[in-house]
Amino acid sequence: SQASRGEAQIAASAELESEAEPWSLPQPTGRRDGSGLLSPLFKVLCDEPGGAQRLQPDSGALRYMKRLYKAYATKEGIPKSNRSHLYNTVRLFTPSVQHKQASVDQATGAMPSVGLLFNLDRVTAVERLLKSALLYTFNDSVPFPSAMQCTCHLLLEEPESSGQTLPRAPYSFPFASQSEFRKKHKWVEVDVTALLQPLVASAKRSIQVSVNFTCAEDRLWSPSARDSPVSLVPPSLLLYLNDTSTHAYQGWYSLHNKRSPPQAPGQRGPSACPMGREAARGVRARHRR
Amino acid sequence: GEETVSSELQKPLASFNLSEYFKQFLFPQNECELHDFRLSFSQLKWDSWIVAPHRYNPRYCKGDCPRAVGHRYGSPVHTMVQNIIYEKQLDDSVPRPSCVPAKYSPLSVLTVEPDGSIAYKEYEDMIATKCTCR
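As C-alpha cells, then:
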C-alpha cells in the first residue's frame, strides 16, 4: 500500500506538472518536446525501450558540431566559463536539395543556383533565435585560388505547399576578405540572421531558399579576373538559440550575477547578435531597478 | 587503543602521523559527502544519439549526517530539531536527516535528433557539486 500510495502521488504530481508545463513530461516521439534530453530519461526510468529510430547526420556537419562542442565545453561536459555568447543551444540542419541549376540560364542570364529546404521541426517554442548562419564546408576537391572575393546571393522561396508568395528580394552577402578562403579554413559561416529572424520568430516549420555563390579572383592579384560561379557543397543552416525553459542553463545570466559582463563591445565577440545585446541590456536594466 | 598506539610508536617516527591517526576518531567514517559515479551513455543505450560527452559523472551524496550539522553543512536549525526527535525516538515515523545535494553544475550535451539534425544544448542542474543534510 506504501508503494501504490507513492505511485499515486507521483502520478498526481505528474498530472499537476503536465498542466503547468506540458513539455516537461515525456511526449510521444515525433512531436516537438521542449526538452530533448528529458523524455528519453523518463523512458529509461519507465524501462521503455531506448529512443526512436534516428536519421544518420551528415558527417561533415557532425565534425563541425564536435569542434563547436570542444570549443564550448570541457571533456567532462561542463560549459566553459570563458563564454562571451548568450546562447545555450546551437542547432545544425542539413538541407534537402529541391532543385539545381547547374549552368548560367541563357534566357535570364541567372547564375547557377541551388534550391534548399530546411525542416525546422526540432526548434521548440521556448527557444529564442539569437543568430543564424549558412555553413559552407570546403573540401579539397574545390580548387580555390589564393585570393578570392565572393558574394553569396540568397532568395527566400515559399514551399509550394503553403501557397503564399514571399517578396523575392535577393540578399547578397559579400565576404569581407579573401582570408576567409585560405585553404586551412574548412568552414565559413554566412550570417543570415536578418533574413531568417522573422521566419523563425513566426514559428515557421520549414524554410526554402535558393542560393548562388559567385567569386571573383581579387582584381589586385590578377587584372584578368572575372566573376565565375563556384559550385560548392550545399550549405547547412546553423541556428544559435537561447532556450528559455527552466531545464536549460542560463550561463550568461549567472555570469551576469557573478561579475558584470565585459563592457567593451569587442570583448563580447562577434557571435552576440544585437537582439542578444538588447536582451542582456534588458536584464541589466531590470537588475538596476 | 593503547596497544595500537604502543605498536605504532615502535615504528620510526617519520612514518607515524599522530594527527592522521586521531582524525579517524574526530569524524564518523561514512559521513555525508560527495561520491563519483562515472556513467557512460552506452550503459543507457543512448550512445546512438548522445555524441558528447562520452562519459558523464552526475556524482551523488551519501553518508550519515552527524549531529552538529549546522556549521559543517549550513543546515537550518530544523535539521537539528529533526535529529533530536529521531535520536530521542519521540516519533517512529520521523527519519534521521538525509544527505542530499545542495548545489549543481550544468552539463553540455551534443545530440543527434530523430530528423538527423544535430543539437548542442546546455542543461541546468545535471552534476551535484555539494552535499548537505536536510
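Which chain is which? The protein sequence lines are A and B, in order. Following our numbering, the numbering of the first sequence begins with 1 at its first residue and continues without gaps. Following our numbering, the numbering of the second sequence begins with 1001 at its first residue and continues without gaps. We put the beta carbon where it would ideally sit given N, CA and C, even for glycine. Computed from a prediction, not measured in an experiment: that's the story for all the values here.
Contact residues within the segment 56-77 of chain A, judged by C-beta distance below 9 Å to chain B: Interface annotation for the segment 56-77 of chain A against chain B: Q56, P57, D58, A61, L62, Y64, M65, K66, L68, Y69, K70, Y72, A73, T74, K75, E76, G77, criterion Cβ-Cβ distance under 9 Å.
Helix, strand or coil at B/G1074 according to DSSP, with G and I counted as helix: Residue numbering aside, residue 1074 of chain B sits at position 74 when the second sequence is read from its first letter. Three-state DSSP puts B/G1074 in coil, outside helix and strand.
Burial state of A/F93, where buried means 16 or more other Cβ atoms lie within 10 Å: The residue labelled residue 93 of chain A in the question sits at position 93 within the first sequence. The residue is buried, with at least 16 neighbouring Cβ atoms inside 10 Å.
Within-8 Å CB hit, B/E1113 to chain A: Here residue 1113 of chain B refers to the residue found at position 113 of the second sequence. For B/E1113, the answer is yes, since a Cβ of chain A falls inside 8 Å of its Cβ.
Proximity test, A/L135 beta-carbon vs the ligand SAM heavy atom, cut-off 7 Å: Within the structure as shown, the ligand SAM is missing, as the structure has no ligands at all.
Short-range partners of chain B found in the segment 113-135 of chain A, where Cβ spacing is below 8 Å: N119, D121, R122
Partner residues on chain B for A/T94, Cβ-Cβ distance less than 8 Å: Working through the first sequence from its first residue, we reach residue 94 of chain A at position 94. Neighbours of A/T94 on chain B, chain order: G1116, S1117.
Inter-residue Cα distance where the pair is A/L239 and B/T1111: Walking along the first sequence from the start, residue 239 of chain A turns up at place 239. Walking along the second sequence from the start, residue 1111 of chain B turns up at place 111. Distance between the alpha carbons of A/L239 and B/T1111 is about 15 Å.
Ordered list of beta strand (DSSP E) runs contained in the segment 1093-1132 of chain B, each at least 3 residues: 1099-1112
Which of helix, strand or coil DSSP assigns to A/T193: Position 193 of the first sequence holds residue 193 of chain A. It is helical.
Assigned exposure category for B/H1035 - 16 Cβ within 10 Å defines buried: In the second sequence, counting from the first residue as 1, residue 1035 of chain B sits at position 35. Label assigned to B/H1035: exposed.
Inter-residue spacing [alpha-carbon to alpha-carbon] between B/P1114 and B/G1063: Sequence index remark: in the second sequence, residue 1114 of chain B carries index 114 (1-based). Sequence index remark: in the second sequence, residue 1063 of chain B carries index 63 (1-based). Those two C-alpha atoms are separated by around 41 Å.
Boundaries of the beta strand (DSSP E) in which A/L62 is found, first to last residue: Locating residue 62 of chain A in the first sequence gives position 62, counting from the first residue. Where A/L62 is concerned, there is no enclosing beta strand (DSSP E), although the alpha helix (DSSP H) around it starts and stops at 59-72.
Partner residues on chain A for B/P1106, Cβ-Cβ distance less than 8 Å: Stepping through the second sequence from its first residue, residue 1106 of chain B is reached at position 106. Within 8 Å Cβ-Cβ: I78, P79, Y249, G251.
At least 3 beta-carbon pairs within less than 8 Å: the segment 1077-1096 of chain B vs the segment 1035-1047 of chain B: no
Cross-strand partners of B/C1061 (DSSP beta bridge): Translated into the one-based positions of the second sequence, residue 1061 of chain B becomes position 61. DSSP output for B/C1061 lists B/L1034 as bridge partner(s).
Sequence-distant residues of the same chain with beta carbon closer than 7 Å to A/E21, five excluded per side: Position 21 of the first sequence holds residue 21 of chain A. For A/E21, the predicted model reports a pLDDT of 38, less than 50, meaning its position is unreliable and no value from the coordinates is stated.
Under the three-state DSSP convention, the category B/I1050 falls into: Locating residue 1050 of chain B in the second sequence gives position 50, counting from the first residue. Correct three-state label for B/I1050: strand.
Nearest candidate by alpha-carbon position, reference A/C215, set A/N82, A/S84, A/C150: One-based indexing of the first sequence puts residue 215 of chain A at position 215. Checking every option, the nearest Cα to that of A/C215 belongs to A/C150.
Strand pairing of A/F213, partner residues [DSSP]: Walking along the first sequence from the start, residue 213 of chain A turns up at place 213. Bridge partners of A/F213: A/C152.
Own chain, CB closer than 7 Å to B/N1030, minus 5 neighbours either side, in chain order: Against the second sequence, residue 1030 of chain B aligns to sequence position 30. The answer, listed in chain order, is G1063, D1064.
Contact check, B/G1116 vs A/Q208, beta carbons under 8 Å: Residue mapping note: residue 1116 of chain B aligns to position 116 of the second sequence, counting from 1. Residue mapping note: residue 208 of chain A aligns to position 208 of the first sequence, counting from 1. No. Outside cutoff.
Beta carbon proximity, B/N1057 to chain A, threshold 8 Å: Counting from one through the second sequence, the residue named residue 1057 of chain B turns up at place 57. It does; some Cβ of chain A falls within 8 Å.
Three-state class that DSSP yields for B/Y1086 in the structure shown: The residue you call residue 1086 of chain B lines up with position 86 of the second sequence. Residue state, collapsed to three classes: helix.
Span separating the alpha-carbon of A/R168 from that of B/Y1120: To locate residue 168 of chain A, count along the first sequence from 1; it is residue 168. To locate residue 1120 of chain B, count along the second sequence from 1; it is residue 120. A caution first: A/R168 carries a pLDDT of 49, below 50, which makes its placement in the model unreliable, though a value can still be read off. Taking the straight line from one Cα to the other gives about 32 Å.
Short Cβ contact (8 Å threshold) for A/N88 with A/D243: As a first step, residue 88 of chain A is located in the first sequence; it is residue number 88 there, counting from the start. As a first step, residue 243 of chain A is located in the first sequence; it is residue number 243 there, counting from the start. Yes, these two residues count as a Cβ contact at 8 Å.
Residues of its chain near B/D1125, where Cβ-Cβ distance is below 6 Å and the 5 sequence neighbours each way are ignored: Here residue 1125 of chain B refers to the residue found at position 125 when the second sequence is read from its first residue. So the list reads Y1104, once near-sequence residues are dropped.
Neighbour list for A/R205 in chain B, Cβ cutoff strictly below 9 Å: Counting from 1 along the first sequence, the entry for residue 205 of chain A is found at position 205. Correct list: empty, because the minimum Cβ distance to chain B is about 11 Å.
CB contact below 8 Å: A/N212 versus chain B: Here residue 212 of chain A is taken as the residue at index 212 of the first sequence, counted from 1. Cβ-Cβ to chain B under 8 Å: no for A/N212.
Buried or exposed (CB count within 10 angstroms, at least 16 for buried), A/K80: Residue 80 of chain A sits at position 80 when you count from the first residue of the first sequence. Exposed, since its Cβ has fewer than 16 Cβ neighbours within 10 Å.
A/D243 - partner residues in DSSP beta bridges: Against the first sequence, residue 243 of chain A aligns to sequence position 243. Paired residue(s): A/E127.
Within-8 Å CB hit, A/V192 to chain B: By one-based count along the first sequence, residue 192 of chain A stands at place 192. No, because no Cβ of chain B sits closer than 8 Å to the Cβ of A/V192.
A/F181, buried or exposed, once every other Cβ within 10 Å from all chains shown has been counted against 16: For this step, residue 181 of chain A is matched to residue 181 along the first sequence. Interpretation of A/F181 is limited by its pLDDT of 44, a score under 50 that renders its predicted location unreliable; no figure is taken from the coordinates.
Under 8 Å between C-beta atoms of A/V97 and A/L116: Here residue 97 of chain A corresponds to residue number 97 of the first sequence, with the count starting at 1. Here residue 116 of chain A corresponds to residue number 116 of the first sequence, with the count starting at 1. Taking 8 Å as the Cβ cut-off, A/V97 and A/L116 qualify as a contacting pair.
Secondary structure of B/F1022, DSSP reduced to three states: As a first step, residue 1022 of chain B is located in the second sequence; it is residue number 22 there, counting from the start. It is helical.
Distance between B/A1128 and A/G60 (C-alpha atoms, nearest Å): Residue mapping note: residue 60 of chain A aligns to position 60 of the first sequence, counting from 1. Residue mapping note: residue 1128 of chain B aligns to position 128 of the second sequence, counting from 1. So the two alpha carbons sit approximately 35 Å from each other.
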